[in-house]
Amino acid sequence: MATPRHQHSLVQALGVVPTFASLDDEALLTVIGESVNLFWESGAIVFESGSPADGLYVVLSGGVRIVDDAGNETTRLGPGQFFGEFSLLLGQPHNRTVVAAQDSELLVIPRESFQRLLDTNKALAAAVEQTIAQRAAVNALDADAGG
125 MATPRHQHSL VQALGVVPTF ASLDDEALLT VIGESVNLFW ESGAIVFESG SPADGLYVVL
185 SGGVRIVDDA GNETTRLGPG QFFGEFSLLL GQPHNRTVVA AQDSELLVIP RESFQRLLDT
245 NKALAAAVEQ TIAQRAAVNA LDADAGG
């Protein structure tokens, strides 16, 4: 009879995030070791448009609203989704403001750690690239529609 396998709760949480799902427990523990969990109360600003890109954010619980400079919500993200990657990978300031839609716990992977993870883990790099391509396609459709 096999011994039940125990996983760190953050390994379990990250393991269901599609971008991180292909990583083994050791790789997930590396991500966790490079990150910090932070809590934002409902209505708190996670980061503002124009602020420097400092990390990749993964929603563990709660949710966030992404708003444009006019204050219009463009996207709402929940557990298992991430944000901040465009600015991070392009080395540009954020072009949107992110606000906690409800009390939220976010896993934050600092810029340097995230880049190191991408450089050393091809599966993670491929998954992030795929998500970015999907979001870029959606953003292009929104721009064509005047959104």
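In my numbering, the protein residues as written are 125 to 271.
Here a beta-carbon is modelled for each residue, glycine too, at the ideal position from N, C-alpha and C.
Just so you know, these numbers come straight off a predicted model, no measurement behind them.
query	result
Would you decide whether T244 is buried or exposed? Buried here means 16 or more other CB atoms lie within 10 Å of its CB.	exposed
With distances taken Cα to Cα, identify the nearest neighbour of T199 among R220, G186, V182, L213.	R220
When you compare the CB positions of G179 and G202, do they come within less than 8 Å of one another, or not?	no
Please say whether S159 and V232 have beta carbons closer to each other than 8 Å?	yes
By Cβ distance below 6 Å, which residues in the same chain neighbour A137 in space, the five residues on each side in sequence not counted?	L184
Could you give the distance in angstroms between the alpha-carbon of L248 and the alpha-carbon of V170?	24 Å
Does the beta-carbon of S211 have 16 or more other beta-carbons within 10 angstroms, so that it is buried, or is it exposed?	buried
From the DSSP secondary-structure annotation, give me the bridge partner or partners of V223.	I169, R189
Indicate the three-state DSSP secondary structure (helix, strand or coil) for V140 in the structure shown.	coil
Hey, how far is the Cα of F144 from the Cα of V135?	10 Å
Looking only at C-alpha atoms, which of G167, P234, F238, I156 sits nearest to G195?	G167
Whose C-beta lies closer than 8 Å to the C-beta of A225 among residues of the same chain, with five residues either side of it excluded?	S166, G186, G187, V188, R189, R200
Measure the alpha-carbon distance for N161 versus S133 and round it to whole angstroms.	12 Å
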